[in-house]
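Before any comments, here is the structure.
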Amino acid sequence: MNKVTTLLLALSLIAIVSCNEKVPVEVEEQTVALDDDERMAWWRNAKFGMFIHWGAYSIPGGERNGEVCGGGAEWIMDKLDYTIEDYENEVVAKFNPVQFDADKWVAMAKDAGMKYIVLTSKHHDGFCLWNSKITDYDVMDASPFKRDIIKELAEACKKEDIVFCFYHSIVDWHHPQAQAPLYPNYNAGQKDQTIVNPEFPKYFENYLKPQVTELLTNYGDIGVVWFDGDWIADYTTEMGKELYSYIREIQPNTIINNRVDKGRMGMEGMDREGNFAGDFGTPEQEIPATGIDSDWESCMTMNGSWGYKPSDTKWKSSERLIQNLVDIVSKGGNFLLNIGPDGQGLFPPESVERLAAMGVWTRANGEAIYGVKASPYDRPEWGRYTSKPGVLYAHVFDWPEDGKLEVNPEVKIKTASLLVSPSDQLEVEPGSTTISLPEVAPDTVATVIRIELAE
Ligand code: FHN
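For what it's worth, the numbering used here labels the leading residue of the sequence shown as 56, then goes sequentially.
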């Protein structure tokens with residue numbers, strides 16, 4: 056929301072009214088609705104955000120009585136066959152992450168070069184991380200923690216100019232009008248689309264919408280509402296379109312992902328042809344092969360689990376994560392990289408290490424990432440391109456052995472330099488697209504060459 060616009064509007068209203076009347080006027084703060092490009096601008100420029108999957112499931116970390124659940128640990132309630140009562144008593148009732156420090160989380164995200172944070176307000180298990188007046192199945196009433204996590208993180212983000220966003224699951228394994236009564240295995244609704252809860256419309260109207268309202272009313276500006284769980288048969292495209300409009304009426308400038316509706320084609324995340332609500336596509340655990348004309352964001356884990364899962368030690372290297380960021384941005388997308396804090400509220404050390412390494416790279420090369428456009432050229436063998444008006448950034452993953460970097464023949468080079476040392480011009484053979492590079496790559500992960508383009 057553009058605070059200046061709002062303030063000017065409020066002041067002008069006071070000025071107009073006070074000139075004509077003596078009665079003090081309560082001027083309700085009006086948000087000026089931006090057009091779509093203005094509304095999307097911060098998100099398109101941000102490029103890099105932190106996803107945080109955190110909840111009661113972070114306590115067991117994917118294990119129950121020695122058995123490890125397959126896939127994401129946040130699915131333990133389903134995968135390891137908890138009854139609702141078992142989950143309430145064995146897991147939720149133990150949620151007391153006394154080491155949670157929102158300022159530390161935000162500091163690590165900011166240091167890594169992330170510009171927004173998306174926190175799970177409620178995952179499929181139905182446990183709510185904020186002080187909800189709609190249910191007692193929240194952190195204030197169902198757990199010993201009794202702190203409003205959404206409030207603490209939203210405030211910490213605001214202090215550091217990190218945009219606060221929340222994830223919200225349409226799926227709810229706990230609510231009697233959602234999936235709870237249908238089957239012991241909550242998964243069934245995904246496999247057998249004939250399994251629906253006839254009460255679901257009541258859940259949608261009297262629970263889902265009021266809870267989204269709480270989150271959009273009580274915690275300040277929300278950058279993105281990131282829905283999930285769109286796949287269940289209970290949820291309809293009519294509900295999705297209604298929910299999208301409903302949110303925009305509460306906070307007109309909030310951005311909403313495409314999982315608010317039913318257009319998403321599986322994990323590739325983009326919408327099929329047709330009229331579906333949602334501002335951006337959501338490829339999951341994958342990066343599209345080429346650029347895509349519409350807005351999109353790839354969400355990925357650092358190991359294989361969204362929720363904390365100590366048994367999953369298959370961590371992507373920092374190098375891989377940095378090159379993923381470059382690859383995604385070169386194709387016009389955003390990178391939403393996940394952290395699964397443990398049951399005490401601490402980031403796994405492997406995540407902390409990778410965030411720090413990404414911060415070193417983004418601090419040195421952020422000019423070639425934030426606010427750039429997708430590559431105007433096909434992907435080169437040696438790396439990726441990003442661009443700004445008049446400038447092309449060559450992100451070199453594979454340093455040429457002969458020290459000669461061949462860029463796309465259409466490129467008209469005026470000057471070239473290492474982004475990290477712009478005053479040291481690199482030699483360019485006149486009229487050619489060959490740039491002579493130092494013998495050794497300054498950054499073995501991705502060295503950026505800044506190419507000033509001739510008119
Ligand atoms: O089932 C969820 C999963 O737990 C996780 O939240 C991911 C993140 O996008 N979304 C769903 C799987 O597609």
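Even glycine gets a Cβ: it sits at the ideal position worked out from N, Cα and C.
In this text, all values refer to a predicted model and were calculated from it rather than measured experimentally.
By a beta-carbon distance limit of 8 Å, HIS229 does not contact TYR258. Their separation comes to about 11 Å. Listed in chain order, the alpha helix (DSSP H) elements of length 4 or more contained wholly in the segment 384-420 are 404-420. A check of alpha carbon separations from ILE394 across ASP216, ALA101, GLU129, GLY329 identifies GLU129 as the nearest. Bridge partners of ARG505 according to DSSP: TYR448, SER472. Taking C-beta atoms under 8 Å as the contact rule, GLY458 and LEU492 qualify, at a distance of about 5 Å. DSSP places CYS183 in no beta strand (DSSP E); its state is neither H nor E. Distance between ALA344 and SER198, taken at the CA atoms: about 44 Å. Here DSSP, grouped into helix, strand and coil, assigns VAL381 to helix. In the structure shown, TYR432 adopts coil according to DSSP, grouped into three states.
A buried status is given to PRO115, since no fewer than 16 other beta-carbon atoms sit within 10 Å of its beta-carbon. Unbroken alpha helix (DSSP H) runs of no fewer than 4 residues, entirely contained in the segment 111-153, are found at 131-134, 139-145, following chain order. Beta-bridge partners assigned by DSSP to LEU174: ILE107, PHE221.
In this structure, the beta-carbon distance from VAL146 to TYR112 falls below 8 Å. Contact between LEU473 and ILE504 holds, with the beta-carbon distance rounding to 6 Å and staying under 8 Å. Annotation: ARG314 is outside any beta strand (DSSP E) and is labelled neither H nor E by DSSP. A Cβ-Cβ separation of about 5 Å places ASN358 in contact with ASP367 under the 8 Å criterion.
The beta carbon of THR470 is closer than 6 Å to those of GLN480, GLU507 in its chain, skipping five residues each way along the sequence. In the three-state reduction of the DSSP assignment, TYR440 falls in the strand class. Scanning VAL153, LEU376, THR441, HIS179 for the CA closest to the CA of ARG409 turns up LEU376. Sequence-distant Cβ neighbours of LYS317 in its own chain, meaning closer than 8 Å and more than five residues away, are ASP285, TYR290, THR291, THR292, GLY295, PHE331.
Comparing alpha carbon positions, the residue from GLU143, CYS124, GLY388, GLY398 closest to LYS134 is CYS124. Counting only runs of 4 or more residues that sit fully inside the segment 236-279, the alpha helix (DSSP H) segments are 243-246, 255-258, 264-272, in chain order. For GLU339, the Cβ falls inside the 7 Å cut-off from some heavy atom of the ligand FHN.
The beta carbon of ASP350 lies closer than 6 Å to those of PHE335 in the same chain, with the five residues before and after it left out. DSSP places LYS159 inside the alpha helix (DSSP H), whose first and last residues are 157-167. Counting C-beta pairs with one atom in each stretch, the segment 93-101 and the segment 154-167 have fewer than three that are closer than 8 Å, which means they do not touch. Boundaries cannot be given for SER198, as no beta strand (DSSP E) includes it and DSSP labels it neither H nor E.
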